[in-house]
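Novice:
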Amino acid sequence: MTANSDTLAEAIDALAEKAHTCFDAPPRHSRHHNRLARAERITECVADAIDTHRDWRAAARDRRSRREACTTRARRVRA
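Mapped onto our numbering, the consecutive letters of the sequence shown carry residue numbers 8 to 86.
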């Protein structure tokens with residue numbers, strides 16, 4: 008993983024931990040429902056970030072393999 012990938016993974020982990028903390032907290036007042044709703048939104052954002060990150064990594068892999076295939080074909084033609 009690159010430094011940016013590591014940073015994104017750390018941010019996603021932190022958001023997921025925050026969401027779990029909110030879900031696991033005992034109800035202390037009438038705003039517990041609001042905390043749960045916020046935690047659900049955080050969890051959805053984390054899931055979206057993970058999906059986006061996976062899509063980005065897959066696209067980068069595809070670009071890399073296409074570039075390598077073109078380079079290999081060019082070497083064969085020259086040889």
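Positions of the beta carbon are idealized from the N, C-alpha and C atoms, including for glycine.
Between Arg48 and Asp20, what straight-line distance do the alpha-carbon atoms span, to the nearest angstrom?
Specialist: Cα to Cα, the separation comes out at about 15 Å.
Novice: Exposed or buried, Val53, counting other C-beta atoms within 10 Å across all chains shown (16 or more means buried)?
Specialist: Burial call: buried.
Novice: Just to confirm before moving on: does the CB-CB distance between Ala44 and Leu22 stay below 9 Å?
Specialist: No, the Cβ-Cβ distance between Ala44 and Leu22 is not below 9 Å.
Novice: When burial is assigned at 16 or more other CB atoms within 10 Å of the CB, is Met8 buried or exposed?
Specialist: With a pLDDT of 47 at Met8, under the threshold of 50, the modelled position of that residue is not reliable, and the figure given next carries that caveat. Classification for Met8: exposed.
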